[in-house]
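**Q**
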Amino acid sequence: MMKTKTWIAIIAVLFAVCAVMSVLIFTRKGHVAKVVLDGRVIRTIDLDAVTEEYSFEVRGEGTNVIRVRPGAICVSDADCPDRICVAHGWESSGGAPVVCAPNKLVITISDEDIDGVTF
Amino acid sequence: MSFSKHMRIIAAAAAGVLIMTGCGAKEHDAAFFAMDTYMQVKTYGNEDVSADIEELVRALEDDLSVTDEQSDVYRLDHEGEFGVSDDAYELIGTSLDISRRTDGALDMTVYPVLRAWGFTSSTGYRVPAEDEISSLMEYVDYRRVDISERTVRLPEGFMIDLGATAKGYTGDRICALLAQKDITSAMIDLGGNITALGTKPDGRPWKVAVRCPYEEGYICTLDICNMSVITSGGYERYFEDEDGNEYCHIIDPASGHPVRNGILSVTVAGENGTLCDGLSTAYYVMGAEKAVQKWREYKDHEMIIITDDNYMLVTPGLEDIITVTDDRYTLKVIDDED
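So the sequence lines, in the order shown, correspond to chains W and G.
The numbering used here puts the first residue of the first sequence at 1, with every later residue one more than the last.
The numbering used here puts the first residue of the second sequence at 120, with every later residue one more than the last.
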């Protein structure tokens, strides 16, 4: 049978590990954009790691051209009728998700400090 | 000390750690497209009610959609008289109340004009001729919507659209569903219409950002609990003609033209999501001065008006929970009295 002190030590270690983990998990400052097409994540982009502007095409129910630059992302062209996604313009951390409802495309950008964006 | 006592201490410590790290309440995510937008509902608790939430939203959309040929609203618009569902009936009644308290700045009968500008169809945006607008304006007057005994009647040529209040109402209905399921912590995001239920699982208030009109990022945040925060602005849905004139999707029911009055966006916060949704549109239409007057008259909500001369007009109730993050805007607290 282990001594009470040993148990306390184990609990203390557990506490310390959890505390460190929670700090790591909850204060991570990564700004990651997720490109979601019809409910499936098709691309994950760490916007902080982007050094050069580039674009790529996404094909679902329609076609959207997505443009990425350091720290920001946008839909630069689309064949949807309302083109709200293109009008949205560049979006960075903590901004609203870029949505193309006709093509079922969503680009979300994670921001640990913000729980929701009203627009 | 006995072994079981040790185990109990460990269990208590583990529970403590779980609570401290916020892992105690399980997060459940419902995310789907509905009502022409992207909806995300995060709930915290043991039971996953994501499927019930989506089902509720789809049922409401089936009643309230203005384009779905099977919906109550569509049939009312095309048959002139219809015994609508309980939800449609209640929402039409509440929306008419908001129309009355805003002197018609919110008007569900503006739909024929909205359609002429191309904002609801897939045929594309257009600038209608003045005589086309003035002839359609004959069908715009919320006072002519007759609602009694579960039946709604419209005069010949009239059509209604509940787009300005439907999402706010949906947020309220989701809250009621969650209350039934004993869920006390949730973040409901219906395409930028936010309803925060309770606090975050760790007990802190929810942090909601107000998007920067026309640009990326946000201009301020609010720390809220049990509150809806709903924004109307012309920046989300608009088009430009060949001369570069901008036309937004919110039509002034008094003129039949897109609103243009120096307001970039209006955010209304309060306990009733339907009211917040309707008022945000009505205030956007009436302009800052009149919106402030109306707020002084009722004081049953909070608001933020962002103007094109870079002011944020904020009601006193928000002073302690707002953080301005964009220094290009100057915060001005609205006076309680004239």
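Heads up, the beta-carbon is just placed ideally off N, CA and C, and yes, glycines get one too.
What number of angstroms, rounded off, separates the C-alpha of T27/W from the C-alpha of D113/W?
**A** Note that T27/W scores 49 on pLDDT, short of 50, meaning its location in the model is unreliable; the coordinates nonetheless yield the value given after this. Near 9 Å, if we compare the C-alpha coordinates of D113/W and T27/W.
**Q** Starting from H147/G, trace the beta strand (DSSP E) both ways and give me its first and last residue.
**A** Looking at the DSSP string, the run of the beta strand (DSSP E) that includes H147/G is 146 to 153.
**Q** So what's G60/W in DSSP terms, helix, strand or just coil?
**A** G60/W falls in the coil class under three-state DSSP.
**Q** Across which residues does DSSP place D265/G in a beta bridge pair?
**A** D265/G is bridged to R272/G.
**Q** Name the chain G residues that come within less than 7 Å of E91/W, Cβ to Cβ?
**A** Result: E335.
**Q** Quick check: the segment 423 to 431 of chain G against the segment 368 to 382 of chain G, are there 3 or more CB pairs under 8 Å?
**A** Touching, yes, given that three or more Cβ pairs across the two stretches are closer than 8 Å.
**Q** Looking at the structure shown, is T482/G part of a helix, part of a strand, or coil, going by DSSP?
**A** Outside the shown range of chain G, which is 120 to 457, sits residue 482/G, and nothing can be said about it.
**Q** When the distance is taken between beta carbons, is T393/G closer than 8 Å to D291/G?
**A** Cβ distance < 8 Å, so D291/G and T393/G count as in contact.
**Q** Could you name each continuous beta strand (DSSP E) segment of 3 residues or more that falls completely within the segment 280 to 324 of chain G, going from the start of the chain to the end?
**A** Correct list: 304 to 309, 312 to 316.
**Q** Could you tell me which of T156/G, Y157/G, M154/G, T162/G sits nearest to D148/G, measuring between CA atoms?
**A** Comparing Cα-Cα distances from D148/G to each of T156/G, Y157/G, M154/G, T162/G, the minimum goes to T162/G.
**Q** If we ignore side chains and look at the alpha-carbon of each, how far apart do A87/W and Y193/G end up?
**A** Those two C-alpha atoms are separated by around 29 Å.
**Q** Consult DSSP for K413/G and reduce its assignment to one of helix, strand or coil.
**A** In this structure, K413/G counts as helix in the three-state DSSP scheme.
**Q** Taking the DSSP output, what are the residues bridged to Y357/G?
**A** Answer is C367/G.
**Q** Straight-line CA distance for V110/G to D82/W?
**A** For residue 110/G there is no data in the structure shown, the boundaries of chain G being 120 and 457.
**Q** Which chain W residues are close to V443/G, counting only those with a beta carbon under 7 Å from its beta carbon?
**A** Within 7 Å Cβ-Cβ: nothing; V443/G doesn't reach chain W, min ~14 Å.
**Q** Please classify A401/G as buried or exposed, where buried requires at least 16 neighbouring CB atoms within 10 angstroms.
**A** With 16 or more other Cβ atoms within 10 Å, it is buried.
**Q** In the DSSP assignment, find the unbroken beta strand (DSSP E) run with I441/G in it and report its ends.
**A** Where I441/G is concerned, the enclosing beta strand (DSSP E) stretches over 441 to 443.
**Q** By DSSP, does K34/W sit in helix, in strand, or in coil?
**A** Note: K34/W maps to strand in three-state DSSP.
**Q** Compute the Euclidean distance between the alpha carbons of S92/W and A49/W, then round it to the nearest angstrom.
**A** C-alpha separation (whole angstroms): 13 Å.
**Q** What does A9/W touch in chain G if you count any residue whose Cβ is under 8 Å from its own?
**A** What A9/W touches in chain G: nothing, since even the nearest Cβ is about 12 Å away.
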